[in-house]
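Q: This note's numbering numbers the first residue of the sequence shown as 131 and each following residue consecutively. Every residue gets a Cβ at the ideal spot worked out from N, C-alpha and C, and that includes glycine.
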Amino acid sequence: MKSLRGRLIVGTICATLAIFAAAAIVLYIAIRHSLIAEFDRALLVQAQAISALAEMDRRGLRLDIEGGRLPQYESQSDAGYALFDGAGKEIHRSDGTPWLGAHMGDGSRDAMGFARLPGGGRARWRSLTFTPRMEDAEEDDARGPRQAGAGGDARVVVAQSAVRFDERLRILGWLLATVFATTSVATAGVMARVVGRGLLPMTRLAAQIGAIGERDLARRIESQDVPLEMLPVVQRLNDLLSRVGILVERERGFSADVAHELRTPLAGLVTTMEVAAMHPRPADEYRKTIQKCLAATQGMHAMVQTLLTLARADAGRLEIQRRHVDLASLVGERWKHFADAADARDMDVRLSLTPAGVATDRELASVVIDNLIDNAVAHGEQSGWIELRVTPDGSRVVLIVRNSGSRIAPSDCENVFGRFWRGDSARTMTGLHSGLGLSLCRRTIEMLGGSIVATSDGGVFEVKVILPSTDGSDAITTP
C-alpha cells in the first residue's frame, strides 16, 4: 500500500482492534474463571453438607438420614451425588447419575472438572475426601466431620448440570463479539476521519510547495501552525530551496560568464580577421595575424576543455588511477614548462622540494600543479618571487605554492575557487585566464582524497594542497 493515508488508517485500525480483541479475550477468560470459581464454591458447600451426614458404624459407611436418601437430589435431574468408601467402593448414589464414578478425583485430594452427560451437554463435578465420624465416638460427634488428607476413609462426589453455566458463557461470548464488531466499524469510521484531518497539514504543505515556481525560489514555506512532527520536514525543505536557489543563480551566472568569456576572444578573433581581410598585406603580417588568431583559439579551446573536465568531475566520471608518485619530482618536472614565463617576468624562483610519495593519479595531479604554477606566474607581480615547496608530514604530503604581489583581500580567498571568479573585477585578463583553474584544482583534489585551501596575507598569495602519502613499497611507480 503506497498511500500514507491508507497505511495510517489500516495500521491504527489493526492496532486498535488487536487491543480490543485482547481486552475482550482477557475479559472473557476472567469472567469464565470467576463463574467457574463460584460454581465450585457451591459444589463444595453441597459436598461438605453430604459429608456431614456420613458416619461409620459396624455395618460400614452410610448416610445418617431417614430412608438413606437426600430428597433434594432425587427430585432434580440436573444434580446428583455419589458416596464412596476409602477403597473406592460405591456406597450410595442419587438416581439419574450413573456417570458419577470413583474415577472423579484421585482419592488423595479434592478435585473438580467437567463431565460429558450421556444425553448431551456438560456437568460440573467436585470431589471431597473426608473422614466420616464414628457412630460411638463422642469426641468425633462433638467435633463434627473433618476432611482427610491423603489416605482418607471416604469420598463424596457432587455434580451439577452446567447447561445454564454454558448458556451464560455463550451469551457473554456473543455479547463481547457484538461489542467487538460494533467497535470495529465505529473505530474504522472514526480513524478514517481523524487520519484524514490529521493529514490536512500535508495537503496544505503540498499546496505551498506547488505554488513555488522557478522565479519564486526566494519564497519559503511557512512554519506557523505546522505540527511539530512536520517541522523538521519544513525546515529541510526550506534549506533545500535555499540550496536550489543558490544553484540556479550560480548556473545563471555561469551561463553569463561563459558567454562573456567566449564573446571577448571571439570578438577579437573576428576583428583581427576582418582587419586582415580589408586589403592585401605582406606575408609577415598575415603570419602574425594567424598567430594571434591561433593564440585566441587555443585559449578558447583550453577553456572549453577545462569546462568539460569540470563537468565530468561533477558527474563523477573522471577515471582515477591511483599509483605511487614522488610529488617533489612531479612538481620539478612540471615547473620546467613555466620557467621561461617566470624568467620573462624577472621573477625569483624558490624551490624546496623534499622527496615524498603520494597515492594519487599522476595525470590529474599534473593538471592541478600546472594550474597552480600558471596562476602564480600569471598573477604574481613583475620582478617578484614564486615559491614551490613539497614537505612530508606524517601520513600526509603538503604542497605549497606561493607568490608575491597578491591583491586579493583575505575575505575573498574562498571565492578564488569559484568558477569564473577573478580578483580583477574589470576582467582585464579576459581571454588569457578564464577563472576556472582553481575551481578545477579544488574539484580534482577532493576527488583524489585531499584538501586545498588558499590564503592571502601581506601581499602574499598561498595555496596549500594536502594529499595522502604512501611509502611506495608495494605500489607501481610510473616513469
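Could you tell me which residues DSSP pairs with S257 in its beta bridges?
A: BP columns for S257 point to A241 and V287.
Q: Look at P598 and G579 and say whether their C-beta atoms are less than 8 Å apart.
A: Going by C-beta atoms, P598 is nearer than 8 Å to G579.
Q: Using DSSP with H/G/I as helix, E/B as strand and the rest coil, what is D215?
A: Looking at D215 - three-state DSSP - the assignment turns out to be strand.
Q: Using the three-state DSSP reduction, which class does D504 fall into: helix, strand or coil?
A: DSSP places D504 in helix when its eight states are reduced to three.
Q: Within 10 angstroms of the Cβ of T490, are there 16 or more other Cβ atoms? Answer buried if so, exposed if not.
A: Classification of T490: buried, given that the 10 Å Cβ count is 16 or more.
Q: Alpha carbons only, please: which of A217, Q202 and A318 is nearest the one belonging to G210?
A: Closest option to G210, Cα to Cα, is Q202.
Q: Going by DSSP in three states, W515 sits in which element: helix, strand or coil?
A: Three-state result, W515: strand.
Q: Okay, do the stretch 584 to 600 and the stretch 522 to 532 touch, 3+ Cβ pairs below 8 Å being the bar?
A: Touching, yes.
Q: Look up K466 in the DSSP assignment and say whether it is helix, strand or coil.
A: K466 falls in the coil class under three-state DSSP.
Q: So, does the stretch 146 to 163 touch the stretch 334 to 341, judging by three or more C-beta pairs under 8 Å?
A: The stretch 146 to 163, when compared against the stretch 334 to 341, does not touch it at the 8 Å Cβ threshold.
Q: Take G535 and list the residues in its own chain whose beta-carbon comes closer than 6 Å to its own, dropping the five residues that flank it on each side.
A: Only G510, E511 and G514 meet the Cβ criterion.
Q: Nearest-angstrom Cα distance between R393 and C543?
A: If I take the Cα positions, the gap works out to 27 Å.
Q: Could you work out which residue in I301, M234, R327 and L396 is closest to H431 when comparing CA atoms only?
A: Of the candidates I301, M234, R327 and L396, the one whose C-alpha sits nearest the C-alpha of H431 is L396.
Q: For L306, which option in R162, T142 and Y158 has the closest C-alpha, if you only look at C-alpha atoms?
A: Ranking the options by Cα distance to L306, first place goes to Y158.
Q: Looking at R252 and A296, is the spacing between their C-beta atoms short of 8 Å?
A: In the sequence under discussion, the amino acid at residue 296 is Asp, which differs from the Ala named in the question. In this structure, R252 lies closer than 8 Å to D296 by Cβ.
Q: What separation, rounded to the nearest whole angstrom, lies between the Cα atoms of V140 and V488?
A: Going by the C-alpha atoms only, they are around 59 Å apart.
Q: So D456 packs on P485, CB below 8 Å; how close in whole Å?
A: The pair is a contact, with the Cβ atoms about 6 Å apart (cut-off 8 Å).
Q: Please state whether DSSP places D476 in a helix, a strand or coil.
A: Of the three classes helix, strand and coil, the one that applies to D476 here is coil, per DSSP.
Q: Could you check what DSSP says for V531 in three-state terms: helix, strand or coil?
A: If DSSP states are grouped into helix, strand and coil, V531 belongs with the strands.
Q: When the distance is taken between beta carbons, is V520 closer than 8 Å to C571?
A: No, the Cβ-Cβ distance between C571 and V520 is not below 8 Å.
Q: Looking at I180 and V293, is the spacing between their C-beta atoms short of 8 Å?
A: Contact: no.
Q: Could you tell me which residues DSSP pairs with E592 in its beta bridges?
A: According to DSSP, E592 bridges with R532 and T585.
Q: May I have the straight-line CA-CA distance separating R345 from G375, to the nearest angstrom?
A: Computed Cα separation, rounded: 9 Å.
Q: Please go through the same chain and pick out, in chain order, the residues whose beta-carbon is closer than 6 Å to the beta-carbon of V324, but skip the five residues on each side of it.
A: Nothing listed; no residue qualifies.
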